[in-house]
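Structure first, commentary second.
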Amino acid sequence: MTPRTRVVRRPIRTGRPILAGALAVMLGSVLLVVGNGGSPAAASSSSITLYSGQHVQTTQTLVAQFEKKTGITVNVRYDDEDVFVDQILTEGKNSPADVFYTENSPPLEELASKGLLSPIEPSTLAHTPAKYNSPDGKWVGISARVSVIVYNTSLIKASQLPTSIMDLAQPKWKGKIALAGAETDFQPIVTSVARKYGDAAALTWLEALKTNATSHIYPDNETIADEVNRGQVALGVVNQYYWYRERAEVGASNMHSKIAYFAPHDVGYVLDVSGAGILKSSTHQAADQKFVAFLNSAQGQKIIAQSQSFEYPIASGVTRTGETPFNQLQPNSISIAQLGTGAEAIKLLQEAQLL
Amino acid sequence: MTSVIADPARDRPPGTPGTPGTLGSPPRPSPHHARAPRRPVLTAVAVVASIAVLLPLVFLLVQAFQVGWGTLDPLLFRSLTAQLLWNTISLTVVVMTLCAVIGTVTAWFVERTQIPGRRFWAVLVVIPLGIPDFVVSFGWRAIFPSFGGFWAAVLVMSMAVYPLVYLPVAASLRNADPAQEEVARSLGLGRLTTFWRVTVGQARLAILGGAVLVGLVVLAEFGAFEILGFRTLTTEIYTEFTVGFSTSAGCAFSLILVVLGAALLLGESTLRGGGRGARLGAGVARQMRPVPLGRTRPAALGGVGLLVAVALGVPVGSIVYLIVRRGSTTMPPASLLGAAGNTFFYSACAGLLATAAALPISLLSIRAPRREVRILERSNMLILGVPGLVIALAFTYFTEHYLSGFLYQTPLLLIVTYAVMFFPLAVVSVRAAVARSPVGLEEVGHSLGVPRHKVFWRVTLPLIGPGLAAAFCLVFLESATELTATLVLIPTNAETLATQFWAYQSDFAYSQAAPYAGVIMLIAAVPSFVLGRWFDRLPARGGTAEPQGPAPGTMVVL
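Sequences listed follow chains A and B, in order.
Each residue of the first sequence is one higher than the one before, starting from 1 at the first, in the working numbering.
Each residue of the second sequence is one higher than the one before, starting from 356 at the first, in the working numbering.
If you want it as structure tokens, here you go:
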């Protein structure tokens, strides 16, 4: 025996325990995996799954309070709201998502247009002013924000700021502005411009913005707010809350930027609504309705009013302090229905080669 | 099953009679191999693995063609596409070239010269592979706020992935016959000429293989370029997914990427040619006298030191700085330990699964190289060029539509997805190990009447063990840093280090994001360290480790 296996003897000794170990680990892993698995399937009627494109801070507080109040468990997934739309469309009728909570209306409108959302109970819809809800009652408005200018105070004076977003197309802004064409929050502004001046003018304007932005084309509004604050670029257009959130994170002493509003009703002064809808495929409709109702109840709205996402509550008569009061904002009159799914804006952004 | 010995097709072609020292590719199919043995069990497993890997490509094709040419035409054929193609191709070519140079030169210094602290460097130069590319970008930007653009992308990618060239080249230099260099020198060639004509020649296949891996990784990279604000096809694909609500448009762009990946692989096959290293005999195991550096010693030390300082020092330094600075955050506290546990568990399982799945196809492609097997094996490589989000949506589609949601958003599916995404890395490592394990030892086993499966367990597996370990480490490293597919498929309520890093980083909470980046580096440094140590202990022909017996089967090239 010994002489016969001499050639392979050393490998056997070293190899076997390692192999046995690896196999054991693999087997154990598989068992663990199977044991861990199936949690979504195990979800009972007392637990729902929330796909949230909203801020983690606010969502977590809302969920915690709701769970405490109702005993219904909310399992939350976080991702970009637009990825969630792709994901929900791909998941189809077996989607584990029960409720979809977004930062903007177009993703909800997209799902509604595909017939994937259940109607929201009228008593819930009634808590939010009708103009901030889905036109056909398929989702409910929860909070709002407006587009503003964020500018670096050492690179530009407040008096030099433009009063209309159309001005940013002028050659004098070349190299001074930041642009995030891929940012979801930018699409409502593009839709607004196209509504007022037509697609051709909107395209010309977008192309001029792109030229003026030179190398300051960023992936999202967080980056714009951050780059302006760092002094990499003079100004950008973002939703107001990005600035407040950055201030909360880095501290007031590290802020080298401020926000400014466009002229009242300017085409670039757009109010965006964050909302929530219920998936038709959900098997927990009653619990879903309870959760959505909680979001725009007085209790839910107060959480939003005090939250670190710095959005405006818009329902149940709750107001926010510490920012320009909501009723003093003077956005233009573009409606939720006019903002739609944003398809028009996306097409223009693609033509301008920003997407 | 037929006896292996009796099958003439299993003998290597003349000229490479079971040479353990041959480098690079397996023997190319020759007329001989038309009669390669059928191995039903291995084939079945290989086919199943390949189906799993090719599923996302099927999904991609179906989606892209579903949308109709009318929508795709204006989207694909415009100046932006040309710009993105240029960005992507020029970046890929420059990074591949730089990595080939850095990897090869570093490998030569570490393996063949009397550079002080050789073993120390051998481990350190590998660790950057374990640092996620987005952490590297993040680190650079923390130091230089305006860091961005083409050259920033080149720097970040080169520093993050050059070990993919270094590792195989170092291994092949160890394995190569030092006598050739000595002969070249004795015939009057200078040191540089010798390096270029002999050393690089010997390592040619390893350099090429490594560079192609680098190219495929660069093609699919997303996070690093997003942070650096550099637009490539992959960032654009992600944008199309995130703004257009159009899976189809994203998939159409992904097709371009797959074509680029295929071109890379085809280029490699062509360049690889029929060469399989120059060594004909096993040679005599002996210690080669490392090249004395003389006056160039400080320069060599400085060069390697600079490489480590830039590749390792910058990301580690900036992460430490951010942790020490301690910014405040309004983000809810998260469990670093829980996220680390998940990352480790998912990645380790993915590593095991990918390695196990890579074994049958590697064995087949080397030991029974039929044309179909080669095609199957090469097509598996394409998956490396497909963005993670597409792969995740593909598995979403298949589990939701054909399995009624069974497995969806479970750890098992996430692990399978990682294993599929990084399958090519496992195949490359395992295949090289199989190619390097002498079939003769197996034949001896067979001739002594040991059953085939016992020969596999007692001979083959121990011989290719190191290659399996390398495969595991590579898949583990890549899985640990994956983000976009993870966000879609991770079990609800679970976090990994990468998802939590993303959550903090996109909320301005850099100081809170930093520890997660730090722990990713720590977790990833372990396999890198093991990989480095292991290469360092390879039986030395050209190195300075203690001389060992021939043990040729333990050689591996990635």
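Cβ coordinates follow ideal geometry from the N, Cα and C atoms, glycine included.
Every value quoted in this text rests on a predicted model; they were computed, and no experiment measured them.
Distance between residue j and residue i (C-alpha atoms, nearest Å)
i                : j                : result
Ala637 (chain B) : Leu661 (chain B) : Interpretation of Ala637 (chain B) is limited by its pLDDT of 48, a score under 50 that renders its predicted location unreliable; the figure taken from the coordinates is listed afterwards. Each residue's alpha carbon lies about 37 Å from the other.
Pro821 (chain B) : Leu410 (chain B) : 30 Å
Phe699 (chain B) : Phe505 (chain B) : 33 Å
Val99 (chain A)  : Val85 (chain A)  : 12 Å
Arg552 (chain B) : Thr459 (chain B) : 13 Å
Ile498 (chain B) : Arg433 (chain B) : 36 Å
Ala201 (chain A) : Lys172 (chain A) : 19 Å
Ser405 (chain B) : Lys258 (chain A) : 55 Å
Val8 (chain A)   : Arg786 (chain B) : Since pLDDT at Val8 (chain A) reaches only 35, below the 50 mark, its modelled position is unreliable, and the value read off the structure follows with that caveat. Rounded to whole angstroms, Val8 (chain A) to Arg786 (chain B) spans 21 Å at the Cα level.
Asn296 (chain A) : Thr597 (chain B) : 27 Å
Pro487 (chain B) : Leu621 (chain B) : 28 Å
Tyr218 (chain A) : Leu583 (chain B) : 9 Å
Arg634 (chain B) : Met736 (chain B) : Unreliable placement is indicated for Arg634 (chain B), whose pLDDT of 45 sits below 50; no coordinate value is reported for it.
Asn212 (chain A) : Leu354 (chain A) : 13 Å
Gln535 (chain B) : Asn697 (chain B) : 49 Å
Met451 (chain B) : Gln330 (chain A) : 54 Å
Lys176 (chain A) : His256 (chain A) : 16 Å
Contact with chain E by residue i, beta-carbon distance below 9 Å
i                : result
Ala787 (chain B) : You won't find chain E in this structure, because its protein chains are A and B.
Neighbouring residues, chain A, relative to residue i (Cβ below 8 Å)
i                : result
Tyr763 (chain B) : Pro40, Glu91, Asn94, Pro96
Met776 (chain B) : Ordered by position in chain A, no residue passes the 8 Å Cβ test against Met776 (chain B), which lies about 17 Å from the chain.
Tyr757 (chain B) : Near Tyr757 (chain B) there are no residues of chain A at all, since even the closest Cβ is about 10 Å away, more than 8 Å.
Thr698 (chain B) : Correct list: empty, because the minimum Cβ distance to chain A is about 14 Å.
Neighbouring residues, chain B, relative to residue i (Cβ below 8 Å)
i                : result
Glu222 (chain A) : Ser861, Asp862, Phe863
Asp79 (chain A)  : Leu842, Val843
Asp226 (chain A) : Phe863
Val85 (chain A)  : Phe600
Nearest to residue i (by Cα), restricted to the options the options
i                : options                                : result
Gln557 (chain B) : B:Ser541, B:Ala526, B:Leu583           : B:Ala526
Glu833 (chain B) : B:Pro724, B:Pro846, B:Cys704, B:Arg807 : B:Cys704
Phe777 (chain B) : B:Leu691, B:Val830, B:Ile770, B:Ala437 : B:Val830
Pro766 (chain B) : B:Ser717, B:Glu797, B:Ala872, B:Leu844 : B:Leu844
Glu246 (chain A) : A:Phe186, A:Ala225, A:Ile72, A:Ala343  : A:Ala225
Pro129 (chain A) : A:Ile334, A:Phe326, A:Pro325, A:Ser316 : A:Ser316
Gln338 (chain A) : A:Lys69, A:Glu323, A:Thr321, A:Asp272  : A:Asp272
Gln285 (chain A) : A:Glu207, A:Pro107, A:Pro119           : A:Pro119
Thr923 (chain B) : B:Val396, B:Thr436, B:Pro471, B:Leu748 : In the structure as shown, chain B begins at 356 and stops at 913. Residue 923 (chain B) is therefore absent and cannot be evaluated.
Ser445 (chain B) : B:Ser720, B:Val573, B:Val396, B:Glu466 : B:Val573
Asn332 (chain A) : A:Pro264, A:Gly175, A:Ser309           : A:Pro264
Ala293 (chain A) : A:Glu183, A:Tyr101, A:Thr184           : A:Tyr101
Val76 (chain A)  : A:Glu311, A:Thr59, A:Gly175            : A:Thr59
Where residue i meets chain B, residues with beta-carbon distance less than 9 Å
i                : result
Arg230 (chain A) : Pro500, Ser501
Ser215 (chain A) : Gly503, Gly504, Gly584
Tyr101 (chain A) : The contacting residues do not exist; Tyr101 (chain A) stays about 14 Å from chain B at best.
Beta carbon proximity, residue i to chain B, threshold 9 Å
i                : result
Ser105 (chain A) : no
Tyr312 (chain A) : no
Asp199 (chain A) : no
Thr49 (chain A)  : yes
Val34 (chain A)  : Bear in mind that the predicted position of Val34 (chain A) carries a pLDDT of just 47, short of 50, making it unreliable; the figure below should be weighed with that in mind. So yes, Val34 (chain A) belongs to the interface.
Exposure of residue i, with buried meaning 16 or more beta-carbon neighbours within 10 Å
i                : result
Trp139 (chain A) : buried
His216 (chain A) : buried
Gly425 (chain B) : exposed
Asp136 (chain A) : exposed
Val448 (chain B) : exposed
Cβ of residue i within 9 Å of any chain A Cβ
i                : result
Gly740 (chain B) : no
Asn848 (chain B) : yes
Ala858 (chain B) : yes
Phe432 (chain B) : no
Phe834 (chain B) : Strictly speaking, residue 834 (chain B) in this sequence is Ser, with Phe absent from that position. Judged by the 9 Å Cβ criterion, Ser834 (chain B) is not in contact with chain A.
Pro417 (chain B) : According to the sequence provided, residue 417 (chain B) is Val. The question's Pro does not apply to it. Chain A, which has no Cβ nearer than 9 Å to the Cβ of Val417 (chain B), makes this no.
Ser601 (chain B) : yes
Leu748 (chain B) : yes
Gly649 (chain B) : no
Tyr871 (chain B) : no
Gly914 (chain B) : Outside the shown range of chain B, which is 356 to 913, sits residue 914 (chain B), and nothing can be said about it.
Residues that residue i contacts on chain B, provided the C-beta gap is smaller than 7 Å
i                : result
Ser159 (chain A) : None at all; the shortest Cβ gap to chain B is about 27 Å.
Asn75 (chain A)  : Thr847, Asn848
Thr184 (chain A) : Val598
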